[in-house]
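Asker: FYI, full-length UniProt numbering numbers position 164 of the sequence shown as 164, with every residue one higher than the one before it.
Backbone N, C-alpha and C define an ideal beta-carbon position, used for all residues, glycine too.
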Amino acid sequence: MNLLDIVFPKKCVNCGKWGKYVCESCEVGLWEEEQICPVCGWASRYGLKHKYCRQPYSLDGLTCLWAYEGVARKIISKAKYRFYYDMLSELLRGSKSLGMPAVGAQVPLDACPVVVPVPLYSKREKWRGFNQAEMIGRWLAEKENLESRNLLVRVKNTGQQVGKLRRERLENIKNAFQLRATSYLPRAILLVDDVWTSGATMAECCWVLKKAGAKYVWGWVLAR
Numbered sequence: 001m002n003l004l005d006i007v008f009p010k011k012c013v014n015c016g017k018w019g020k021y022v023c024e025s026c027e028v029g030l031w032e033e034e035q036i037c038p039v040c041g042w043a044s045r046y047g048l049k050h051k052y053c054r055q056p057y058s059l060d061g062l063t064c065l066w067a068y069e070g071v072a073r074k075i076i077s078k079a080k081y082r083f084y085y086d087m088l089s090e091l092l093r094g095s096k097s098l099g100m101p102a103v104g105a106q107v108p109l110d111a112c113p114v115v116v117p118v119p120l121y122s123k124r125e126k127w128r129g130f131n132q133a134e135m136i137g138r139w140l141a142e143k144e145n146l147e148s149r150n151l152l153v154r155v156k157n158t159g160q161q162v163g164k165l166r167r168e169r170l171e172n173i174k175n176a177f178q179l180r181a182t183s184y185l186p187r188a189i190l191l192v193d194d195v196w197t198s199g200a201t202m203a204e205c206c207w208v209l210k211k212a213g214a215k216y217v218w219g220w221v222l223a224r
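Written out as structure tokens, the structure reads:
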């Protein structure tokens, strides 16, 4: 136990037990989610896009770590800026798989993926104090020894997507992202966010990246 653990002891965000951000009893409630095709939403081995799902400029695959229910939902919604990174590190450190083998099977060895977080609108990020997708992406990049870059910028304040129908989400998120001015666009990208609901946000980000020339874009989220 270090000094910080003594001065600021860890407390389970789910049940309140002291010692860890998520105690062993509650960690059992973090179960792996079934992987799906990011285009049609049907079950797919390793989260690969189905061969018959030929939507242009779409994600090549999707990795969902947890089911967005119970403990996982509470963890993500309760996470605060001052300990978000440490909490995720503690949780992900014990994860059996981060889904990277599936990504590696689809991306050529000479096209090492670059981690790219889904951006927040600037005013919302200032209000919140952080971008959770960026923090998750930074951790994932360090864990897998990958480069992490903020290639996208959110140019439209779309507000909350919660409560909207899928077609409303798709329309609301349209033209919300742009590519930052850069002389380098990687061939392979690992697009990172915290939660997948309808997939509208990631689909729009992927469209921008592939339209600009990215060849492979794979989605990675904490929960669905």
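Hey, VAL195 and ILE36: beta-carbon distance below 8 Å or not?
Answerer: No, the pair does not count as a contact, with Cβ atoms beyond the cut-off.
Asker: Taking the continuous beta strand (DSSP E) assigned at GLY61, which residues delimit it?
Answerer: Counting along the chain, the beta strand (DSSP E) containing GLY61 begins and ends at 61 to 66.
Asker: Considering Cα atoms alone, identify which of VAL115, GLN132, LYS126 and TYR121 is closest to ASN150.
Answerer: Ranking the options by Cα distance to ASN150, first place goes to VAL115.
Asker: By the 10 Å Cβ neighbour count, where 16 or more other Cβ atoms means buried, how is THR63 classified, buried or exposed?
Answerer: Counting Cβ neighbours within 10 Å, THR63 comes out buried, since at least 16 surround it.
Asker: Assuming the contact rule is C-beta atoms closer than 8 Å, LYS217 and CYS206 should be a hit. Round their C-beta distance to whole Å, please.
Answerer: Looking at the sequence shown, residue 217 is not Lys but Val. About 5 Å; that satisfies the 8 Å criterion.
Asker: Straight-line CA distance for GLU34 to LYS17?
Answerer: For GLU34 and LYS17, the distance between alpha carbons rounds to 29 Å.
Asker: For ARG167, is the classification buried or exposed, using 16 other Cβ atoms within 10 angstroms of its Cβ as the cut-off for buried?
Answerer: That one is exposed.
Asker: Applying the criterion that 16 or more other CB atoms from any shown protein chain within 10 Å of the CB defines a buried residue, is GLN132 buried or exposed?
Answerer: Its Cβ being crowded by 16 or more others within 10 Å, GLN132 is buried.
Asker: On the criterion of 16 or more Cβ atoms from any shown chain inside 10 Å, does ARG169 qualify as buried, or is it exposed?
Answerer: It counts as buried.
Asker: Can you have a look at VAL221 and say buried or exposed, based on whether 16 or more other CB atoms are within 10 angstroms of its CB?
Answerer: When all chains shown are included, VAL221 counts as buried.
Asker: What residue range is occupied by the uninterrupted beta strand (DSSP E) comprising VAL208?
Answerer: That residue, VAL208, is in no beta strand (DSSP E); its alpha helix (DSSP H) goes 200 to 211.
Asker: Does LEU140 come within less than 8 Å of chain B when only Cβ atoms are used?
Answerer: Looking at the structure shown, chain B is missing, and only one protein chain is on hand.
Asker: Within its chain, find whatever has a CB closer than 6 Å to the CB of SER148; leave out the 5 residues flanking it on each side and keep chain order.
Answerer: Cβ neighbours of SER148 beyond the five flanking positions: VAL115, GLY137, ARG138 and ALA141.
Asker: Going by the DSSP bridge assignment, what does LEU190 pair with across the sheet?
Answerer: The partner list for LEU190 (beta bridge, DSSP) reads VAL115 and TRP218.
Asker: Determine the burial state of GLU134: buried for a count of at least 16 other Cβ atoms within 10 Å of its Cβ, exposed for fewer.
Answerer: Classification for GLU134: buried.
Asker: Is ALA223 near ARG187, with beta carbons less than 8 Å apart?
Answerer: No. Outside cutoff.
Asker: Taking the alpha helix (DSSP H) that LEU140 falls in, what are its first and last residues?
Answerer: Looking at the DSSP string, the run of the alpha helix (DSSP H) that includes LEU140 is 132 to 144.
Asker: Short of 7 Å in beta carbon distance, which residues of its chain neighbour residue 225, apart from the five on each side in sequence? Order them along the chain.
Answerer: A query on residue 225 cannot be resolved here, the shown segment of the chain reaching from 1 to 224 and no further.
Asker: Apply the 10 Å Cβ neighbour rule to GLU204 and answer buried if 16 or more other Cβ atoms are within range, or exposed otherwise.
Answerer: Its Cβ being crowded by 16 or more others within 10 Å, GLU204 is buried.
Asker: Mind checking whether LYS49 and GLY61 have CB atoms under 8 Å apart?
Answerer: Yes, the Cβ-Cβ distance between LYS49 and GLY61 is below 8 Å.
Asker: Of the choices LYS20, LEU120 and ALA43, whose alpha-carbon is the least far from that of ARG154?
Answerer: With distances taken between Cα atoms, ARG154 lies closest to LEU120.
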